[in-house]
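Visitor:
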Amino acid sequence: MNELEDEADKEAYGMSKFMSLVHNPDGGSDEKSTDAKYRAAARSWRQLFRMPEEEKFVNFYSCSYHQKLLNQGWLYISMSYICFYSSILGAETKVVIELKQITEISKERSKRGMVSDAIKIRDETYELIEYLLNMAMMKLLHSTATEPAPGESSQPESNGERSQPTAVVEFLNNPDHKPLKQLFEIQKKNQAFQALFSIPSTDTILEETIAICSISGTNNNFHGMLYLSQNFICFVSTAKYQCQLTLPFFAVMRVERINTQNSTVAITARHNLKLLFQFTTDKATSDKFCGILKDRLQEHVASMKKLKSFLATCPSEELLAGKETVASGLGAIFEYPVDQKKSNEKQKIRFWLSYFREFGRNLTTVRLPTFIKLVRVGLPNSLRGELWEVCSGAIHKRFAKEGYYEQLHADHVGFKSLSIEEIEKDLNRSLPEYKAYQTPEGINSLRRVLYAYSFHDPEIGYCQAMNIIVSVLLIFMSEEQAFCVNMVGAVIDNNVFEKLVKQFMPILGDHLQKYEIQLSVACLPWFLTLFVNSFPLPYALRVLDCFFMEGAKFLFQMGLAILKVNGEEILKIKDEGEFMNILKTYFTKLGETQPVENNGKVARQSTKFNQLMLCAYKEFQNVTTDLIVSHRKSIQLEVIQSMDLYAKKSTIRQLKSTYKFSKDELLYVCDAFSTIQYYNNSKKAQDKISLGEFNKFMSHICNWAVDNVEGDDTRQFATTSVQGLFFLSLLFKRVFDKNGDGLIDLQDVVTGLSEIMHSGGTLQMFFTLHDSDQDGKLTREDTIHLSESLLFLFRNMQGDAPLSSVSALLNRAFTSKQEEPFLLTFADFQELVIPDAFLVEYFATFNSTFVLNETKSGVYTNVKTMPVREITESIFSGGIKWATGLGDKMVGKKAGSEKVLSDESPEAVPSVKAADQPTEAEHIDDKALLDEVDDLLRESGFGELDEVSQNVEKLELEQS
Numbered sequence: 002m003n004e005l006e007d008e009a010d011k012e013a014y015g016m017s018k019f020m021s022l023v024h025n026p027d028g029g030s031d032e033k034s035t036d037a038k039y040r041a042a043a044r045s046w047r048q049l050f051r052m053p054e055e056e057k058f059v060n061f062y063s064c065s066y067h068q069k070l071l072n073q074g075w076l077y078i079s080m081s082y083i084c085f086y087s088s089i090l091g092a093e094t095k096v097v098i099e100l101k102q103i104t105e106i107s108k109e110r111s112k113r114g115m116v117s118d119a120i121k122i123r124d125e126t127y128e129l130i131e132y133l134l135n136m137a138m139m140k141l142l143h144s145t146a147t148e149p150a151p152g153e154s155s156q157p158e159s160n161g162e163r164s165q166p167t168a169v170v171e172f173l174n175n176p177d178h179k180p181l182k183q184l185f186e187i188q189k190k191n192q193a194f195q196a197l198f199s200i201p202s203t204d205t206i207l208e209e210t211i212a213i214c215s216i217s218g219t220n221n222n223f224h225g226m227l228y229l230s231q232n233f234i235c236f237v238s239t240a241k242y243q244c245q246l247t248l249p250f251f252a253v254m255r256v257e258r259i260n261t262q263n264s265t266v267a268i269t270a271r272h273n274l275k276l277l278f279q280f281t282t283d284k285a286t287s288d289k290f291c292g293i294l295k296d297r298l299q300e301h302v303a304s305m306k307k308l309k310s311f312l313a314t315c316p317s318e319e320l321l322a323g324k325e326t327v328a329s330g331l332g333a334i335f336e337y338p339v340d341q342k343k344s345n346e347k348q349k350i351r352f353w354l355s356y357f358r359e360f361g362r363n364l365t366t367v368r369l370p371t372f373i374k375l376v377r378v379g380l381p382n383s384l385r386g387e388l389w390e391v392c393s394g395a396i397h398k399r400f401a402k403e404g405y406y407e408q409l410h411a412d413h414v415g416f417k418s419l420s421i422e423e424i425e426k427d428l429n430r431s432l433p434e435y436k437a438y439q440t441p442e443g444i445n446s447l448r449r450v451l452y453a454y455s456f457h458d459p460e461i462g463y464c465q466a467m468n469i470i471v472s473v474l475l476i477f478m479s480e481e482q483a484f485c486v487n488m489v490g491a492v493i494d495n496n497v498f499e500k501l502v503k504q505f506m507p508i509l510g511d512h513l514q515k516y517e518i519q520l521s522v523a524c525l526p527w528f529l530t531l532f533v534n535s536f537p538l539p540y541a542l543r544v545l546d547c548f549f550m551e552g553a554k555f556l557f558q559m560g561l562a563i564l565k566v567n568g569e570e571i572l573k574i575k576d577e578g579e580f581m582n583i584l585k586t587y588f589t590k591l592g593e594t595q596p597v598e599n600n601g602k603v604a605r606q607s608t609k610f611n612q613l614m615l616c617a618y619k620e621f622q623n624v625t626t627d628l629i630v631s632h633r634k635s636i637q638l639e640v641i642q643s644m645d646l647y648a649k650k651s652t653i654r655q656l657k658s659t660y661k662f663s664k665d666e667l668l669y670v671c672d673a674f675s676t677i678q679y680y681n682n683s684k685k686a687q688d689k690i691s692l693g694e695f696n697k698f699m700s701h702i703c704n705w706a707v708d709n710v711e712g713d714d715t716r717q718f719a720t721t722s723v724q725g726l727f728f729l730s731l732l733f734k735r736v737f738d739k740n741g742d743g744l745i746d747l748q749d750v751v752t753g754l755s756e757i758m759h760s761g762g763t764l765q766m767f768f769t770l771h772d773s774d775q776d777g778k779l780t781r782e783d784t785i786h787l788s789e790s791l792l793f794l795f796r797n798m799q800g801d802a803p804l805s806s807v808s809a810l811l812n813r814a815f816t817s818k819q820e821e822p823f824l825l826t827f828a829d830f831q832e833l834v835i836p837d838a839f840l841v842e843y844f845a846t847f848n849s850t851f852v853l854n855e856t857k858s859g860v861y862t863n864v865k866t867m868p869v870r871e872i873t874e875s876i877f878s879g880g881i882k883w884a885t886g887l888g889d890k891m892v893g894k895k896a897g898s899e900k901v902l903s904d905e906s907p908e909a910v911p912s913v914k915a916a917d918q919p920t921e922a923e924h925i926d927d928k929a930l931l932d933e934v935d936d937l938l939r940e941s942g943f944g945e946l947d948e949v950s951q952n953v954e955k956l957e958l959e960q961s
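For the sequence shown, position 492 (counting from the first letter as 1) is numbered 493 according to the numbering used here, and the numbering increases by one without interruption.
Written out as structure tokens, the structure reads:
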């Protein structure tokens, strides 16, 4: 701007720059990073692998790729691809892997070079790939869902639009242009935080600090981590299960800083709960924490007004107010299915009331070891519903979404969907032994809760056994409470259970495998119904008590305990019928008592169920949530890929006509079509593609529709040439998009391909495509367009025949039709083509240019080598360049000048073109690069390097 003299020019220049920033706020977040290394790596990655702007770059790492030799290079990770690049002595290696095509990822602890075709990376890189891979699978699973979704309206006016998975949207929504690796770390940390404290996914960590928690009236002090989120103050002790607190800001009555020296904060919450938090960090950190706490408390003052009416729905408040008996849910009308005398109801209530007075209740409950013990021995009927809410975190969702349940019903009056049809079929099969579900009142309550959930989450809508779970919830809580608890959900995988059986009971696992006995036959109903349909109901309720407190891991522990307790009998069976009989017999005897021995003496009598619980906790305490997640990750890729394949086969079966295509050809077409949809982020109907996406689709099945860089087969790109786009648009409009709405579905694609490949009228099709006004005659301009289309199709062919044939065709056309207006009929066009053998053969075999049986793994590699002479020259020029740079640096030091090379440079990020060379601030450190290449060559066994090293040292000494 300083070079401009006129003030008007300066103003115009400044305004244009400002407007460009305004109109492009989201473009290229990886190019706007403040990290110079990150920006340089992003540029190199885009140019090396020709990545589009919409593909988001995440991070890059130095790593080694084991193939025939060890290739040291750079691993680039984006939202959809893993790319590897190395260039050593002119040997260039490129690897591109589609995340959605990966079926297995694992850590291999082996000696260097022992694992072929493996990329050696650090644990941090592995976690990042694993996380992005999980997001890719979520997106793939999302794309295989039925259309419309089960809970969406089945009415014709429904638009059927579907959003991206929530985690993917959060990841892509990056208004601050932070590096995506940083966003990944933040998101991962927040997800762990939300799972630990059972709070909504909208709450994220605002601040955290190390603190010591003390509860007034007790002598217990707990060292741990204190967190602040948008709606909660949370604490968890370092020692497991010792202390955990999730306290909403609106339940805080008073906060005071009682010791500024030791930074101690006293918090008084509802129910006279007094907590002391002593910060062990520096004063500045504690001041910042207290400032955020003050701001959050002020924002929740209005929510305190709703607290009184909400607490009136909690039975614990009534019991502490002096009411002797409290009942809620259908059990208040139709009685509870558990005998109160046998379950020691009164004694349990007395214990719980004592705990509530000292350590809070409902919204202010502090979880101590006593809390866990009281849950494990079984909850009292009158408090079961409330404590299920507290343990699962659903109580916070119910407070935050007050009135949401009734609003769902008001907004969906007369609503019809596939889920509602399925719900109606299952209503009368929901816990029929309980008398409430033999009455209209019970059935209507169950219907309303299941309907509301299908409205709330149309993607899931309704799934098998949901009616069983909700029917149990309604016995102990209101409809709104049951709806919020059902929203919590759990992921139970029978494949994970089978892996756990093989891990903890290998002998039993081998026996079942030997006789081909499927665990899923007996065990899958356990997890679908949370043991409600397997155990007698009083014992199934005990399982639910622990499940809501400890999560899915307890169900796996119980399943393993059942097999262990019955292990001796199971090892004698040889078929699934015997297996089922053993388990059914055992479940009917869970209430029987048997002696428990201690040091060889009978100590007491205990029920089989209690001994089963003891076995689950004692023998399988190593079955942790982390272990389950690890097993689930190891199999989910293969499972989702199988689901994706099944969805594609189902789509093919629903086609009205498949013409003469084989099953494999249809599957390949469907896979290419689905791939385009997978990468399509637009909001068009999910089962259709537009013209732009059609061009990409054609690049998957036709070589002539692809633009490839010479010698680079790592990726395929849809053509961007004007002639190519024109020809593809004609194909789209005249052959595939018959109704002219600008969108085509899979049936349109199959029909269009059949017309091209099976009709035998390629010449007629080319003529019709270029007949602009569809009057059966080609104008002069139409004929020129046809010749341009042929030149586009022939552009990758070798020799002079293609060009000479097209030139001769045009010459014959314009020579034979010299009168005006110039018009060619199909017969005329046919006569012009017949004399040219090359054109006749091409039109006769045009259908063979469509390849529908090629198997693509999603992994593309490209290796280019350089002649020996060029390698030698490259090394020599690199040494001279380094030596010159070293001399400049030495001179600069003597002269007291500033250092030229920056420590912020991306030291080994490859440079692609001269125009893309790093700036002075981002210049490559040649000595570091030369040292790295020297080490790599030695590791790869390229020969003795001692002489080279000596020469380098000699050169350095002479330069000094």
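Yeah, the Cβ is synthetic: ideal placement off N, Cα and C, and Gly gets one too.
Keep in mind the model is a prediction, meaning the values are calculated, not measured.
Tell me whether the beta-carbon of Tyr463 lies closer than 8 Å to the beta-carbon of Leu451.
Guide: Indexing the sequence shown from 1 puts residue 463 at position 462. Indexing the sequence shown from 1 puts residue 451 at position 450. Yes, they are a contact pair.
Visitor: Go to Pro316, then tell me how far its alpha helix (DSSP H) extends in each direction, as first and last residue.
Guide: To locate residue 316, count along the sequence shown from 1; it is residue 315. First-last of the alpha helix (DSSP H) with Pro316: 316-321.
Visitor: How is Pro537 classed by DSSP in three states: helix, strand or coil?
Guide: Walking along the sequence shown from the start, residue 537 turns up at place 536. Of the three classes helix, strand and coil, the one that applies to Pro537 here is coil, per DSSP.
Visitor: Could you name each continuous beta strand (DSSP E) segment of 3 residues or more that falls completely within the region 258-302, going from the start of the chain to the end?
Guide: Those beta strand (DSSP E) runs which fall completely within the region 258-302 and span 3+ residues are 265-270, 274-280.
Visitor: For Trp75, report the span of its beta strand (DSSP E) as first-last.
Guide: Counting from 1 along the sequence shown, the entry for residue 75 is found at position 74. It spans 71-79 - the beta strand (DSSP E) in which Trp75 sits, taken as one unbroken run.
Visitor: For the region 300-388, list the alpha helix (DSSP H) runs that are entirely contained and at least 4 residues long, ordered along the chain.
Guide: Here the runs fully enclosed are 308-312, 316-321, 332-335, 346-360, 370-377.
Visitor: Alpha carbon to alpha carbon, what distance is there between Gln519 and Lys436?
Guide: In the sequence shown, counting from the first residue as 1, residue 436 sits at position 435. In the sequence shown, counting from the first residue as 1, residue 519 sits at position 518. Straight-line Cα distance between these residues: approximately 35 Å.
Visitor: Since Cys963 and Gly560 are thought to touch, with beta carbons under 8 Å apart, how far apart are those beta carbons, to the nearest angstrom?
Guide: Any property of residue 963 remains undetermined from this structure, which presents the chain solely from 2 to 961.
Visitor: From Cys392 to Leu321, what does the alpha carbon distance come to, in whole angstroms?
Guide: As a position in the sequence shown, residue 392 is number 391, starting the count at 1. As a position in the sequence shown, residue 321 is number 320, starting the count at 1. So the two alpha carbons sit approximately 20 Å from each other.
Visitor: Going by C-alpha distance, which of Glu257, Gln765, Leu274, Thr210 is nearest Ser287?
Guide: Within the sequence shown, the letter at position 286 stands for residue 287. Minimum Cα distance to Ser287 is reached at Thr210.
Visitor: According to the Cβ coordinates, are Leu141 and Tyr680 closer than 8 Å?
Guide: Position 140 of the sequence shown holds residue 141. Position 679 of the sequence shown holds residue 680. No. Outside cutoff.
Visitor: Quick check: the Cα distance between Met80 and Ala43, rounded to an integer number of angstroms?
Guide: The residue given as residue 80 occupies position 79 in the sequence shown. The residue given as residue 43 occupies position 42 in the sequence shown. Cα to Cα, the separation comes out at about 13 Å.
Visitor: If we ignore side chains and look at the alpha-carbon of each, how far apart do Lys590 and Thr608 end up?
Guide: Looking up residue 590 in the sequence shown gives position 589. Looking up residue 608 in the sequence shown gives position 607. Answer to the nearest angstrom: the Cα atoms are 9 Å apart.
Visitor: Closer than 6 Å by C-beta to Ser521: which residues in its own chain qualify, once you throw out the five before and the five after it? Chain order, please.
Guide: Taking the first residue of the sequence shown as position 1, residue 521 is located at position 520. Contacts found: Asn495.
Visitor: By Cβ distance below 8 Å, which residues in the same chain neighbour Ala706 in space, the five residues on each side in sequence not counted?
Guide: Counting from one through the sequence shown, the residue named residue 706 turns up at place 705. Hits under 8 Å: Asn696, Met699, Ser700, Ala719, Thr720, Gly725, Leu729.
Visitor: What did DSSP end up calling Ile518 once you bin it into helix, strand or coil?
Guide: The count along the sequence shown starts at 1 and reaches residue 518 at position 517. Here Ile518 sits in coil by DSSP.
Visitor: If you compare alpha carbons, which of Ser199, Ala809, Leu853 is closest to Met758?
Guide: As a working mapping, residue 758 is identified with position 757 in the sequence shown. Of the candidates Ser199, Ala809, Leu853, the one whose C-alpha sits nearest the C-alpha of Met758 is Leu853.
Visitor: Specify the secondary structure class of Gln799 as computed by DSSP and reduced to three states.
Guide: For the purposes of this step, residue 799 is identified with residue 798 of the sequence shown, where counting begins at 1. Coil, per DSSP.
Visitor: Tell me the DSSP bridge mates of Lys602?
Guide: To locate residue 602, count along the sequence shown from 1; it is residue 601. DSSP lists Asn599 as partners of Lys602.
Visitor: Under 8 Å: do the region 799-819 and the region 831-839 share three or more Cβ pairs, one atom per stretch?
Guide: These segments touch.
Visitor: Using 8 Å as the threshold, is the C-beta distance between Val624 and Phe557 below it?
Guide: Numbered from 1 along the sequence shown, position 623 holds the residue referred to as residue 624. Numbered from 1 along the sequence shown, position 556 holds the residue referred to as residue 557. Yes, the pair counts as a contact, with Cβ atoms nearer than the cut-off.
Visitor: Taking 8 Å as the cut-off, decide whether the C-beta atoms of Glu407 and Gln482 are in contact.
Guide: One-based indexing of the sequence shown puts residue 407 at position 406. One-based indexing of the sequence shown puts residue 482 at position 481. The answer is no: Cβ separation not under 8 Å.
Visitor: Can the beta-carbon of Phe844 be found closer than 8 Å to that of Thr784?
Guide: Counting from 1 along the sequence shown, the entry for residue 844 is found at position 843. Counting from 1 along the sequence shown, the entry for residue 784 is found at position 783. No.
Visitor: Taking Leu248 and Ile234 to be in contact with their CB atoms under 8 Å, please state how far apart those CB atoms are, rounded to whole angstroms.
Guide: Walking along the sequence shown from the start, residue 248 turns up at place 247. Walking along the sequence shown from the start, residue 234 turns up at place 233. That belief holds up - the Cβ atoms of Leu248 and Ile234 are roughly 5 Å apart, short of 8 Å.
Visitor: In whole angstroms, what separates the C-alpha of Glu128 from that of Val497?
Guide: In the sequence shown, residue 128 corresponds to position 127, counting from 1. In the sequence shown, residue 497 corresponds to position 496, counting from 1. Between Glu128 and Val497, the C-alpha separation is close to 20 Å.
Visitor: With Ala212 and Leu227 assumed to form a contact (beta carbons below 8 Å), what rounded beta-carbon distance in angstroms separates them?
Guide: Within the sequence shown, the letter at position 211 stands for residue 212. Within the sequence shown, the letter at position 226 stands for residue 227. Yes, they are in contact, since the Cβ atoms of Ala212 and Leu227 sit about 4 Å apart, within 8 Å.
Visitor: Are there 16 or more other CB atoms within 10 angstroms of the CB of Ala303, so buried, or fewer, so exposed?
Guide: By 1-based counting over the sequence shown, the position of residue 303 is 302. Ala303 should be labelled exposed.
Visitor: What residue range does the alpha helix (DSSP H) around Ile206 cover?
Guide: On the sequence shown, position 205 is the one that residue 206 refers to. Where Ile206 is concerned, there is no enclosing alpha helix (DSSP H), given that its DSSP letter is neither H nor E.
Visitor: Spatial neighbours of Val750 within its chain, please: C-beta separation below 7 Å, excluding the five flanking residues on both sides.
Guide: Your numbering for residue 750 matches position 749 in the sequence shown. So the list reads Val670, Phe674, Phe737, once near-sequence residues are dropped.
Visitor: Can you find at least 3 beta carbon pairs, one from the region 289-297 and one from the region 217-226, that sit closer than 8 Å?
Guide: Counting Cβ pairs under 8 Å, fewer than three are found: no touch.
Visitor: Output yes if chain D places a C-beta closer than 8 Å to the C-beta of Ile461; else output no.
Guide: No chain D is part of this structure, which consists of one protein chain only.
Visitor: If you compare alpha carbons, which of Ile677, Leu656, Tyr242 is closest to Gln748?
Guide: By one-based count along the sequence shown, residue 748 stands at place 747. Gln748 has its Cα closest to that of Leu656, out of Ile677, Leu656, Tyr242.
Visitor: Give me, in chain order, the residues of the same chain whose beta-carbon lies closer than 7 Å to that of Leu133; leave out the 5 immediate sequence neighbours on both sides.
Guide: Your numbering for residue 133 matches position 132 in the sequence shown. Within the same chain, Leu133 has close Cβ partners Val59, Ile78, Met80, Leu100.
Visitor: Just to confirm the assignment: which complete beta strand (DSSP E) runs, minimum length 3, are found wholly within the region 564-642?
Guide: Counting only runs of 3 or more, we get 594-599, 602-608.
Visitor: Look up Ala719 in the DSSP assignment and give the residues it is bridged to.
Guide: Along the sequence shown, one-based indexing puts residue 719 at 718. BP columns for Ala719 point to Val707.
Visitor: Measuring alpha carbon to alpha carbon, tell me which of Val723, Ser329, Gln348 ends up nearest Thr314.
Guide: Taking the first residue of the sequence shown as 1, we reach residue 314 at position 313. Ranking the options by Cα distance to Thr314, first place goes to Ser329.
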